[in-house]
Amino acid sequence: MSRTEARSEGAGPFTTRLTWRLMDGRIAVWESRRARKRGLLTVRVPGEAGARSRRADTVSIVRLRRLNAVAASAFTVGGLLFALGAGVAQFGSRGATGAWIYFAGGLFFNTGGYASLLQAVNAPRRDSESDALAGRRWRWWSYEPGRIDWLGTFLLFVGTLVFGVNLLDSLLKGLSVQQTDRLIWAPDMIGCVLFLVSGHLAVVEVCHGRPRVLAGDLGWWIVAVNQLGSVLFFVSALAAFTRPATGSLVNVDIANWGTLAGALCFSAGGVIQFFERP
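Quick note on the working numbering: the sequence shown kicks off at 485 and runs consecutively.
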């Protein structure tokens, strides 16, 4: 069944939803996040109230389900470890204990970020000549910056790696103020910015354009909670800058509480993500 007409939605160069009419009169609707997370394509028959969901092939569905479970688990555990590290820094030891807890949490974030990217890389693709999603062979990597889901998850993964540099450098001892800001604070800020950009792309993807409230959409709640976590991480990073004149942080309480609250947001987002599965 060939496509007779199509209408695309999204933002800028990105297409997040595509609607087309098939030769038999039915209407197919492809949505970037729905295809990537659930492996579904919507097909409507004009004149009928409901719509039917067409699932991708079994192999693709199993892949998406496993990758979703890995990503959700990793962000849930990683967020809890970050929150624990912030709590230790605020109320307990300011030594290496909190840094090691952060580092362990960072490894889980790395895992969650890469699993999210793999989900975009291996998501079933729309077939312009039919009403079905086409599965693809497994790939560990791809380069597709023209896809909003790939770009968003790629920036998220890179952000987790940059945070890893920050967390690894925080284990170093005897750093000067300048070295602390360059080796620890700068990667922290870069990672936060990457998280914010990735989160914005996720919001645009689920909203199909300008950000808005979609209270009935589970995917919207996930990206909204995660983006709130990114904002809190960014505020925390701003407060964690070490003043060269005094050698003290701008505001240690904001730095710790911002990290703790942001980490809990990502952990909550991970829990919710368990339910956004094929």
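Beta carbons: idealized from backbone N, C-alpha and C, even for Gly.
* I674 bridges to which residues according to DSSP? -> The residue you call residue 674 lines up with position 190 of the sequence shown. Beta-bridge pairing links I674 to no other residue.
* **Endpoints, the alpha helix (DSSP H) within which S516 is located** => As a position in the sequence shown, residue 516 is number 32, starting the count at 1. S516 to R522 is the span of the alpha helix (DSSP H), which, as asked, contains S516.
* **M485, DSSP secondary structure in three states** => Taking the sequence shown and counting its residues from 1, one reaches residue 485 at position 1. Because M485 carries a pLDDT of 39, less than 50, the predicted location of this residue cannot be relied on, and the following value inherits that uncertainty. Coil, per DSSP.
* Per DSSP, the bridge partner or partners of V527 -> Here the question's residue 527 lines up with position 43 in the sequence shown. Bridge partners of V527: A512 and R536.
* Asked: Ends of the alpha helix (DSSP H) at F592?
  -> The residue given as residue 592 occupies position 108 in the sequence shown. Its alpha helix (DSSP H) spans residues A580 to V605.
* **Closest by C-alpha distance to N594, when choosing among L617, D611, V561 and I706** => By one-based count along the sequence shown, residue 594 stands at place 110. Cα-wise, what sits closest to N594 is V561.
* Asked: Buried or exposed: E628, going by 16 or more other Cβ atoms within 10 Å of its Cβ?
  -> Against the sequence shown, residue 628 aligns to sequence position 144. Classification for E628: exposed.
* Please report the residue range of the alpha helix (DSSP H) in which T542 lies. => For the purposes of this step, residue 542 is identified with residue 58 of the sequence shown, where counting begins at 1. It spans T542 to F575 - the alpha helix (DSSP H) in which T542 sits, taken as one unbroken run.
* Taking all protein chains shown into account, decide if L685 is buried (16 or more other Cβ within 10 angstroms of its Cβ) or exposed. => As a position in the sequence shown, residue 685 is number 201, starting the count at 1. By the 10 Å Cβ count, L685 comes out buried.
* Can you tell me which of P762, Q757, A618 and L744 puts its alpha carbon nearest to the alpha carbon of F575? => Working through the sequence shown from its first residue, we reach residue 575 at position 91. F575 has its Cα closest to that of L744, out of P762, Q757, A618 and L744.
* Across which residues does DSSP place T503 in a beta bridge pair? -> Position 19 of the sequence shown, counting from 1, holds the residue named residue 503. BP columns for T503 point to R491 and V513.
* Relative to the C-alpha of V513, which residue among G590, W584 and S614 is closest? -> Looking up residue 513 in the sequence shown gives position 29. Answer by Cα proximity: S614.
* If G523 and L548 are in contact, beta carbons under 8 angstroms, what's the gap, nearest whole angstrom? -> Translated into the one-based positions of the sequence shown, residue 523 becomes position 39. Translated into the one-based positions of the sequence shown, residue 548 becomes position 64. Confirmed, about 5 angstroms.
* For S516 and R501, the rounded distance between their alpha carbons -> As a working note, residue 501 is residue 17 in the sequence shown. As a working note, residue 516 is residue 32 in the sequence shown. Roughly 6 angstroms between the two C-alpha positions.
* Neighbourhood of P497 by C-beta, 6 angstroms cutoff - its chain only, sequence neighbours within 5 removed -> Numbered from its first residue, the sequence shown carries residue 497 at position 13. For P497, where only same-chain residues beyond five positions count, there are no Cβ hits under 6 angstroms.
* Taking the Cβ atom as the reference point for each residue, do S555 and F592 lie within a distance shorter than 8 angstroms? -> Locating residue 555 in the sequence shown gives position 71, where the first residue counts as 1. Locating residue 592 in the sequence shown gives position 108, where the first residue counts as 1. The amino acid at residue 555 is misidentified as Ser; the sequence shows Ala. Not in contact: A555 and F592 (Cβ atoms no closer than 8 angstroms).
* Pairwise C-alpha distance: P530 and R505 -> For the purposes of this step, residue 505 is identified with residue 21 of the sequence shown, where counting begins at 1. For the purposes of this step, residue 530 is identified with residue 46 of the sequence shown, where counting begins at 1. Straight-line Cα distance between these residues: approximately 10 angstroms.
* Let me know if G589 comes out buried or exposed under the rule of 16 or more other beta-carbons within 10 Å of its beta-carbon. => For this step, residue 589 is matched to residue 105 along the sequence shown. Buried is the call here.
* The alpha helix (DSSP H) enclosing D633, as first and last residue numbers -> Along the sequence shown, one-based indexing puts residue 633 at 149. Where D633 is concerned, the enclosing alpha helix (DSSP H) stretches over I632 to D653.
* **Through-space distance from T664 to V649, alpha-carbon basis** => Here residue 649 is taken as the residue at index 165 of the sequence shown, counted from 1. Here residue 664 is taken as the residue at index 180 of the sequence shown, counted from 1. The alpha-carbon atoms of V649 and T664 are separated by roughly 12 angstroms.
* Asked: Assuming Q757 contacts N606 under a Cβ cut-off of 8 angstroms, what Cβ separation, rounded to an integer in Å, is found between them?
  -> Position 273 of the sequence shown, counted from the start, is the residue given in the question as residue 757. Position 122 of the sequence shown, counted from the start, is the residue given in the question as residue 606. Contact doesn't hold; Cβ gap of about 17 angstroms is too wide.
* **Identity of the residue in F725, P671 and L565 nearest G746 by Cα** => Here residue 746 corresponds to residue number 262 of the sequence shown, with the count starting at 1. Ranking F725, P671 and L565 by Cα distance to G746 puts L565 first.
* Look at the Cβ atom of A599, then the Cβ atom of W634, and state whether they are nearer than 8 angstroms. => Within the sequence shown, numbered from 1, the residue matching residue 599 stands at position 115. Within the sequence shown, numbered from 1, the residue matching residue 634 stands at position 150. Result no, Cβ atoms of A599 and W634 do not sit closer than 8 angstroms.
* **Limits of the alpha helix (DSSP H) - the one that W458 falls within** => Because the chain here runs from 485 to 762, residue 458 falls outside it and cannot be looked at.
* To do: Measure the C-alpha to C-alpha separation of F647 and D737 and round it to an integer number of angstroms.
  => By one-based count along the sequence shown, residue 647 stands at place 163. By one-based count along the sequence shown, residue 737 stands at place 253. Rounded to whole angstroms, F647 to D737 spans 20 angstroms at the Cα level.
* Local conformation of F759 per DSSP, three classes -> In the sequence shown, residue 759 corresponds to position 275, counting from 1. Here F759 sits in coil by DSSP.
* According to DSSP, what are the bridge partners of A618? -> One-based indexing of the sequence shown puts residue 618 at position 134. Paired residue(s): R609.
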